[in-house]
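Undergrad:
Numbering (this note's numbering), first residue to last: 9 to 117.
See below:
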């Protein structure tokens, strides 16, 4: 399931959206500056795993480290925070996890 939220108050709605979707440990895909904003705005997500090693127009292989992190950290969902590159990377992470046969570990993506 993919859900897009935006606008004023969006960050504050993340815990509610996570509860509705059953996500308890997301991998947050964002840059370091926006991660600092997230930690301040939503303290409950401050200790969640973060992947920020992406670039514009991510390639399939660029997402391998994030997939490994997702599995090692026991994540059960993805949150993308930022612009198109962060969203594209999160989508590619999901696609790669599913293509690599990790669908049972990625059911809530």
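Every residue gets a Cβ at the ideal spot worked out from N, C-alpha and C, and that includes glycine.
What number of angstroms, rounded off, separates the C-alpha of residue 115 from the C-alpha of residue 32?
TA: Here the model assigns residue 115 a pLDDT of 47, short of 50, so the residue's position is not dependable, and the following value carries that caveat. Cα-Cα distance, rounded: 12 Å.
Undergrad: State the beta-bridge partners of residue 22 as determined by DSSP.
TA: According to DSSP, which records beta bridges pairwise, residue 22 is partnered with nothing at all.
Undergrad: By Cβ distance, which residues of its chain are closer than 6 Å to residue 42, with the 5 residues on each side in sequence left out?
TA: Closer than 6 Å at the Cβ level, and outside the excluded window around residue 42, lie 89 and 90.
Undergrad: Determine the burial state of residue 28: buried for a count of at least 16 other Cβ atoms within 10 Å of its Cβ, exposed for fewer.
TA: By the neighbour-count rule (16 or more Cβ atoms within 10 Å), residue 28 is not buried but exposed.
Undergrad: Distance, Cα to Cα, residue 24 vs residue 68?
TA: Rounded to whole angstroms, residue 24 to residue 68 spans 31 Å at the Cα level.
Undergrad: How big is the Cα-Cα spacing for residue 55 and residue 80?
TA: For residue 55 and residue 80, the distance between alpha carbons rounds to 15 Å.
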